[in-house]
Amino acid sequence: MNIEDVRNGEWVEYHKHPVEVLSIDKQHNMVTIYDARSQSKVDVHIDELKDDPQCHCDSYLYF
54 MNIEDVRNGE WVEYHKHPVE VLSIDKQHNM VTIYDARSQS KVDVHIDELK
104 DDPQCHCDSY LYF
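Below, the structure written as C-alpha cells:
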C-alpha cells in the first residue's frame, strides 16, 4: 500500500483481518491502527497493510 492513499478512519487489512487506521506518520511510513480482534492499538509499517475494498464499510467483520 502507498502511504499517500491511507486516510484516518479508513479500514484496511492487517494479517488477514480488517483494522481501523487511527493516525499516519508519513515521514516514517508508519501507521497506528486499532485492531478490534486483540482490542489494542498497534504501530505498523505501511508495507504490512493491504487495501481491501471489503474493509471499506462500518464493520470490522468480513461477510
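When the count follows our numbering, it moves up by one through the sequence shown with no breaks and lands on 116 for the last residue.
Don't be surprised by glycine CBs; every beta carbon is placed ideally from N, CA and C.
Please read these numbers as outputs of a predicted model, since none were measured by experiment.
Member of 61, 60, 65 whose CA lies at the smallest distance from the CA of residue 101: 65
Contact check, residue 72 vs residue 86, beta carbons under 7 Å: yes
Residue closest to residue 58, alpha-carbon to alpha-carbon, out of 82, 90, 68: Comparing alpha carbon positions, the residue from 82, 90, 68 closest to residue 58 is 82.
Length at least 4, wholly inside the stretch 65-114: the alpha helix (DSSP H) runs in chain order: none
For residue 89, the nearest candidate out of 99, 79, 69 (CA to CA): 69
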